[in-house]
Each structure stands twice: as structure tokens, then as C-alpha cells.
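Take a look at the structure below.
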Amino acid sequence: MRIPRDRPRAPLPEGPLTGRRKPWRRVLARTLAACNRSLSGLPPGRWWHRRVLAGLETPEIRLKLVPSRSALSGMRIAFLSDLHAGNFLDASDLRVLFERVAASDPDLVLFGGDLINTRTSELHLFHGPLSVFEAPLGVFAVPGNHDLFWGPEAHEWRAFLAELGVRPLVNQGIRLEFRGTPFWLAGVDDLTEGRPDLERALEGWREGETCICLSHHPDFFFEAAAVGVDLVLAGHTHGGQIRFGSWMPIRHSRFGWHEGLFEQEGSRLYVSRGVGTTILPVRFGAPPEIPFFVLE
Ligand SMILES: [Fe+2]
1 MRIPRDRPRA
11 PLPEGPLTGR
21 RKPWRRVLAR
31 TLAACNRSLS
41 GLPPGRWWHR
51 RVLAGLETPE
61 IRLKLVPSRS
71 ALSGMRIAFL
81 SDLHAGNFLD
91 ASDLRVLFER
101 VAASDPDLVL
111 FGGDLINTRT
121 SELHLFHGPL
131 SVFEAPLGVF
141 AVPGNHDLFW
151 GPEAHEWRAF
161 LAELGVRPLV
171 NQGIRLEFRG
181 TPFWLAGVDD
191 LTEGRPDLER
201 ALEGWREGET
211 CICLSHHPDF
221 FFEAAAVGVD
231 LVLAGHTHGG
241 QIRFGSWMPI
251 RHSRFGWHEG
261 LFEQEGSRLY
271 VSRGVGTTIL
281 PVRFGAPPEI
291 PFFVLE
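Start counting the sequence shown at 1; every next residue gets the next number (our numbering).
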């Protein structure tokens with residue numbers, strides 16, 4: 001599908017937690033990341049996080065498509081986001097999680113960013129665990145802000161995952177086929193640390209094809225809904241991570257897209273609470289989740 005270059009663009013959100021990060025916020029983020037590492041090194045940190053993981057939810061979300069696209073019925077997608085590996089989560093935790101996902105026979109496995117916490121070396125934790133996936137349509141990933149904290153090393157993130165059979169989608173798309181029906185899978189760069197370009201990610205998308213787009217930041221849904229992307233899968237918010245009713249200290253969506261399913265202009269957004277934690281190995285009122293989508 002060609003997107004006219006002069007189309008009206010939804011304004012990119014700006015604010016302390018969305019839009020391009022200001023230098024002082026990056027310093028703060030790196031300081032917090034260093035605190036994470038220190039806490040992660042203490043045995044109680046991991047123990048506490050394993051207790052959080054014991055509450056992992058794996059909801060099955062059935063999504064109805066318009067009748068002309070019903071040939072994708074039955075396609076099963078596993079969506080993992082915000083693992084933050086290396087931060088309270090080690091290789092053995094990843095293996096247990098991935099084996100659980102693989103056991104449910106997904107057709108497609110998608111990673112929604114923040115695979116690692118702060119260091120490229122944390123990617124090595126994925127080396128063995130990733131081998132359990134045998135999804136027939138493949139395994140794909142987009143970067144999150146934590147994957148990109150160190151800027152110049154971002155290319156290593158892409159190269160390392162590609163070596164392990166995970167295709168990174170950074171402002172890119174690919175045509176996949178489920179039982180003879182093609183659809184478009186797109187992925188955009190992170191909104192706060194990268195440079196998302198939906199136009200490039202949708203180059204090649206054909207009229208009438210279902211389009212699924214991965215974006216770490218949920219606020220990118222603005223852009224995607226404006227051009228008719230059918231489904232956006234996002235993470236980043238951790239569902240607030242600690243919630244007392246509607247109060248939560250982590251508010252990463254300017255538009256209140258903190259968790260669950262949203263609809264706008266016929267497009268859908270699902271925001272996962274993700275798996276890992278940031279700052280402290282604590283979740284309250286926002287259990288970790290790995291959602292499975294079944295298209296109807
Ligand atoms: Fe995250």
C-alpha cells in the first residue's frame with residue numbers, strides 16, 4: 001500500500017515519557033539502569049523476581065477480522081515483550097519461559113522490544129533459550145528503548161538476533177503466508193530512542209492484506225491507525241508495574257494505553273504488560289503476561 005507523502009500526519013506525542021528523550025532523561029535512565037544491575041546482583045533480587053514470574057498470565061485473545069480477511073482464521077501469535085533479560089532474569093528463566101511458549105505451538109513468535117536491560121552482553125543470555133522456537137512463520141523482534149540505550153551498539157543487537165534466527169524488523173516489513181493467505185508483518189524503531197518510520201515499514205504492503213505492526217511504544221498507534229494498520233502490538237508500559245486501582249507510578253503512555261485492547265478508526269492496539277521489571281523486581285496489580293492472539 002502506498003502512503004501519500006503529503007498525507008496529514010498525526011502529531012508525534014511529546015512529553016517527559018514519550019517522544020524523543022532529552023539528554024538529562026537519558027542520564028537519569030542510565031543511572032536507574034546501573035541501580036538495577038546492583039540490585040540484580042543481590043540474591044534477594046532474583047528470588048523476588050522469580051516470585052513475580054510465578055504469577056505469569058498467558059491470556060488467549062481471540063481477534064475477529066473483517067470477513068474478507070478471514071482466511072487467516074486460526075493463526076496463533078505469541079507476543080513477548082519487556083523481558084529485560086539480565087535484570088533479575090537469567091538464561092534459565094528465559095528457557096523456562098520460552099519452553100512454555102513453544103509448548104503452545106504458536107505459528108508466529110513476536111518480540112516487542114526491551115529484550116535486554118542495558119548491556120549488549122545481556123543478549124548472550126538468549127543464546128540457548130531461543131533455540132526452542134520452531135514457529136513455522138518465524139520469530140521476529142523490534143527494539144525497545146532499553147535495547148537502544150547504548151546507541152552505536154544497536155547494530156550488534158540486530159546482528160546477534162539475526163544469527164539466532166530472530167529477524168529484527170527495524171522500519172521494515174515482510175510478507176508472510178498463513179495457509180496460502182498472505183499478510184504483512186511490519187516493525188518500527190522505538191519512539192523514544194530510535195527513529196520510527198512507518199512509511200518504510202509498510203513499503204510493499206498490498207491493498208486488502210491484513211497488516212500487523214510491532215511497535216515497542218504504544219503511542220505509535222496514532223500513526224498506525226491513521227493509515228489503516230489492522231493490529232499494533234506494543235509493550236513498554238509494564239501495565240504500570242505497580243498499580244493501586246488507577247494509580248501507578250510508571251505511566252509510559254501519554255494517552256492512557258497502559259494495558260489491554262484498544263480500538264481507533266477500525267485499527268486495534270494491544271498493549272502487553274510484558275514479562276520483566278524495571279527499577280525494582282516488584283509488580284503489584286500488574287502481573288507479568290505473555291498474550292497469545294488467535295485470529296478468527
Ligand atoms: Fe520495558
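For every residue, glycine included, the Cβ atom is placed at its ideal position computed from N, Cα and C.
query = Pairing CB atoms from the stretch 247-255 with CB atoms from the stretch 68-88, are three or more of them under 8 Å?
reply = no
inquiry  = Tell me the DSSP secondary structure of Thr181 in three-state form.
reply    = Here residue 181 corresponds to residue number 181 of the sequence shown, with the count starting at 1. Thr181: strand per DSSP, three-state reduction.
request  = Counting only the same chain and skipping the five closest in sequence on each side, list residues whose C-beta sits under 6 Å from that of Leu108.
outcome  = Position 108 of the sequence shown, counted from the start, is the residue given in the question as residue 108. Taken in chain order, the residues that qualify are Ile77, Ala135 and Leu137.
ask   = Looking at Thr192 and ligand 1, is the gap between the Cβ and the nearest heavy atom below 8 Å?
value = Here the question's residue 192 lines up with position 192 in the sequence shown. Result no, Cβ not under 8 Å from ligand 1.
inquiry  = Per the DSSP calculation, Arg76 is bridged to which residue(s)?
reply    = Locating residue 76 in the sequence shown gives position 76, counting from the first residue. In the DSSP output, where bridge partners are listed per residue, Arg76 has Val294.
ask   = Relative to the C-alpha of Arg268, which residue among Arg25, Phe293 and Leu110 is closest?
value = Here residue 268 is taken as the residue at index 268 of the sequence shown, counted from 1. Ranking Arg25, Phe293 and Leu110 by Cα distance to Arg268 puts Phe293 first.
request  = State the Cα-Cα distance for the pair Leu280 and Gly45, rounded to the nearest angstrom.
outcome  = Here the question's residue 280 lines up with position 280 in the sequence shown. Here the question's residue 45 lines up with position 45 in the sequence shown. Roughly 8 Å between the two C-alpha positions.
request  = Go ahead and pull the three-state DSSP assignment for Phe98.
outcome  = For the purposes of this step, residue 98 is taken as residue 98 along the sequence shown, with counting starting at 1. In the structure shown, Phe98 sits in a helix (DSSP, three-state: H, G or I).
ask   = What do you reckon, are the CB atoms on Ala91 and Phe133 nearer than 9 Å?
value = Walking along the sequence shown from the start, residue 91 turns up at place 91. Walking along the sequence shown from the start, residue 133 turns up at place 133. No, Cβ-Cβ distance for Ala91 and Phe133 is not below 9 Å.
request  = Report the partner residues of Phe140 according to the DSSP bridge assignment.
outcome  = For the purposes of this step, residue 140 is taken as the residue at position 140 of the sequence shown. Note: Phe140 sits in a beta bridge opposite Leu110 and Arg167.
query = Should Phe111 go down as buried or exposed, given a rule of 16 or more other Cβ atoms within 10 Å for buried?
reply = Residue numbering aside, residue 111 sits at position 111 when the sequence shown is read from its first letter. That one is buried.
request  = Look at the Cβ atom of Glu296, then the Cβ atom of Lys64, and state whether they are nearer than 9 Å.
outcome  = The count along the sequence shown starts at 1 and reaches residue 296 at position 296. The count along the sequence shown starts at 1 and reaches residue 64 at position 64. Taking 9 Å as the Cβ cut-off, Glu296 and Lys64 qualify as a contacting pair.
query = Should Thr210 be listed as close to ligand 1, given that the test is whether its C-beta is under 8 Å from any heavy atom?
reply = Against the sequence shown, residue 210 aligns to sequence position 210. Incorrect: Thr210 has no Cβ contact closer than 8 Å to ligand 1.
Pairwise C-alpha distance: Gly276 and Glu163 = Within the sequence shown, residue 163 is the residue found at index 163, counting from 1. Within the sequence shown, residue 276 is the residue found at index 276, counting from 1. Their Cα atoms are separated by approximately 24 Å.
key: Identity of the residues DSSP links to Thr210 by a beta bridge   = Reading the sequence shown from its first residue, position 210 is the one you call residue 210. Paired residues: Phe183.
ask   = For ligand 1, any of its heavy atoms closer than 8 Å to the Cβ of Thr278?
value = Position 278 of the sequence shown, counting from 1, holds the residue named residue 278. Thr278: yes, Cβ under 8 Å from ligand 1.
ask   = Considering only residues of the same chain and omitting the five flanking positions on each side of Val282, which have a CB-CB separation below 6 Å?
value = Position 282 of the sequence shown, counting from 1, holds the residue named residue 282. Contacts found: none.
key: Local conformation of Ser215 per DSSP, three classes   = Walking along the sequence shown from the start, residue 215 turns up at place 215. Here Ser215 sits in coil by DSSP.
ask   = Taking the C-alpha atoms as reference points, what is the distance between Gly260 and Trp48?
value = Along the sequence shown, one-based indexing puts residue 260 at 260. Along the sequence shown, one-based indexing puts residue 48 at 48. In a straight line, the C-alpha of Gly260 is about 25 Å away from that of Trp48.
query = Just how far apart, CA to CA, sit Pro23 and Thr120?
reply = Position 23 of the sequence shown, counted from the first residue, corresponds to residue 23. Position 120 of the sequence shown, counted from the first residue, corresponds to residue 120. Using only the alpha carbons, I get a separation of about 21 Å.
inquiry  = So the candidates are Arg95, Gly144 and Gly245; which of them puts its Cα closest to the Cα of His124?
reply    = Your numbering for residue 124 matches position 124 in the sequence shown. Answer by Cα proximity: Arg95.
query = Of the residues Gly240, Gly113 and Asp230, which one's Cα is nearest the Cα of Pro287?
reply = Start at 1 with the first residue of the sequence shown, and residue 287 comes out as number 287. Nearest option by C-alpha distance: Gly240.
task = Starting from the Cα of Leu53, find the closest Cα among Ala29, Met75, Arg100 and His258 and give me that residue.
result = Here residue 53 refers to the residue found at position 53 when the sequence shown is read from its first residue. Minimum Cα distance to Leu53 is reached at Arg100.
key: Chain-order list of residues whose beta-carbon lies under 6 Å from that of Arg37 (same chain, five-residue window excluded)   = Residue numbering aside, residue 37 sits at position 37 when the sequence shown is read from its first letter. Result list for Arg37: empty, nothing under 6 Å.
request  = Name, in chain order, the residues that DSSP records as bridge partners for Val271.
outcome  = Counted from its first residue, the sequence shown places residue 271 at position 271. BP columns for Val271 point to Ala234 and Gly260.
key: DSSP three-state assignment for Phe133, whether helix, strand or coil   = Position 133 of the sequence shown, counted from the start, is the residue given in the question as residue 133. If DSSP states are grouped into helix, strand and coil, Phe133 belongs with coil.
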